[in-house]
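Peer 1: Our numbering puts the first residue of the sequence shown at 57, with every later residue one more than the last. Even for Gly, the Cβ is constructed at its ideal location relative to N, Cα and C. This structure is in structure tokens; I'll ask about it shortly.
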Amino acid sequence: MKIELAKYLLDALTACKAITLFTAEKSLSEYSASLLLRSAVERQFEILGEAFSRIDRIDTSFRSQIPSIGSIIGMRNRIIHGYDSVDDNIVWDAVQNHIPLLTEWLESLKL
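Set out below in structure tokens:
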């Protein structure tokens with residue numbers, strides 16, 4: 057595996073773990089009410105989406121391997137370019153349903 061690719065995969069794993077840590081034992085209403093928490097989680101989604109975008113440019117075969125890669129890249133773009141229309145429900149759904157699967161997959165790579 058190319059060193060550059062391994063770095064981006066590790067960046068993605070680090071972002072997933074940070075999201076999990078930040079949102080542990082939190083509810084959607086707590087998430088929505090906290091500017092600090094929303095800002096922290098959205099920043100990690102920006103990093104995650106950018107890492108996956110760079111991975112996709114280096115090796116397109118990962119597109120079929122990474123769960124939800126297109127959705128995560130799309131979320132990154134929405135957060136950055138549509139910052140005033142980010143839907144907390146969509147972000148929270150990704151936190152609850154996609155991040156655990158992504159974390160598991162990334163950890164299986166033994167980076």
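Below 8 angstroms, can you find three or more Cβ-Cβ pairs linking the segment 99-116 to the segment 129-137?
Peer 2: Enough Cβ pairs lie closer than 8 angstroms, so yes.
Peer 1: With I35 as the anchor, note down where its alpha helix (DSSP H) starts and where it stops.
Peer 2: For residue 35 there is no data in the structure shown, the boundaries of the chain being 57 and 167.
Peer 1: How would you write the range of the alpha helix (DSSP H) that R99 sits in, first residue to last?
Peer 2: If you number the sequence shown from 1, residue 99 lands on position 43. Run containing R99: L91 to I114, per the alpha helix (DSSP H) assignment.
Peer 1: Under a three-way DSSP split, which group does V142 fall into?
Peer 2: Looking up residue 142 in the sequence shown gives position 86. Note: V142 maps to coil in three-state DSSP.
Peer 1: Do you know how far the Cα of A89 is from the Cα of L69?
Peer 2: Within the sequence shown, residue 69 is the residue found at index 13, counting from 1. Within the sequence shown, residue 89 is the residue found at index 33, counting from 1. Taking the straight line from one Cα to the other gives about 26 angstroms.
Peer 1: By the three-class DSSP mapping on this structure, what secondary structure does E86 have?
Peer 2: Position 30 of the sequence shown holds residue 86. Helix.
Peer 1: Using 8 angstroms as the threshold, is the C-beta distance between A74 and Q100 below it?
Peer 2: Taking the sequence shown and counting its residues from 1, one reaches residue 74 at position 18. Taking the sequence shown and counting its residues from 1, one reaches residue 100 at position 44. Their beta carbons are under 8 angstroms apart, which means A74 touches Q100 by this criterion.
Peer 1: The alpha helix (DSSP H) that contains A80, what's its start and end?
Peer 2: Position 24 of the sequence shown holds residue 80. Neither: A80 is in no alpha helix (DSSP H) and is coded neither H nor E.
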